[in-house]
Amino acid sequence: MEAASTATKSYFIGPTSVHVGIQEAGDWFDVRGTVRFGDIEVPFIRLRGHILQRRREFKLPNGQIAIIPEEWFTDYLELFAFGEETSEGLNLRRHHLALVADLQSNEPGHRAHGPQAGQAARLCRSRRPPPAHRLLG
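To convert, take the position in the sequence shown, counting from 1, and add 188; that gives our numbering.
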């Protein structure tokens with residue numbers, strides 16, 4: 189693990205990744221995941237406060253400070269804002285299907301697992317209005 193050190197803080201500068209899984213559970217989706225900072229793995233839900241408050245510095249269990257990538261604020265802000273925190277992760281109501289579909293996209297850093305992978309994205313696409321140029325043309 190690599191670190192950059194300042195007079196008061198030691199910063200983590202290694203690779204980072206997010207792995208999120210989604211499972212359908214009644215009238216909501218269970219969102220669970222892990223975040224990796226090099227060899228250190230933390231529950232995805234632990235980023236919630238940092239993402240909602242746009243705090244980029246995240247203290248790792250080893251005492252180092254990781255800088256949360258800027259794109260994670262864009263990718264996960266709405267998920268954390270609309271999700272309900274539980275002891276195991278996050279619950280997202282069915283009417284937030286578009287957020288689930290975004291998580292299940294094929295963007296780098298996103299990985300969704302379970303029998304509903306892809307189903308939510310298809311449902312979401314079928315409920316979106318047609319593009320404006322089709323309505324005007």
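Glycine included, C-beta positions come from ideal geometry on N, C-alpha and C.
| Item | Value |
| --- | --- |
| Beta-carbon separation (whole angstroms), residue 219 vs residue 265, contact threshold 8 Å | Going by Cβ atoms, the distance from residue 219 to residue 265 rounds to 14 Å, so no, they are not a contact pair. |
| Residue 233, DSSP secondary structure in three states | helix |
| Through-space distance from residue 256 to residue 247, alpha-carbon basis | 10 Å |
| Cβ-Cβ distance between residue 236 and residue 278 below 9 Å | yes |
| Test item: CB-CB of residue 224 and residue 198 under 9 Å | no |
| CB contact check: residue 225 to chain D, cutoff 9 Å | No chain D appears in the structure shown, which is made up of a single protein chain. |
| Buried versus exposed call for residue 254 [16 or more other C-beta atoms within 10 Å across all chains shown] | buried |
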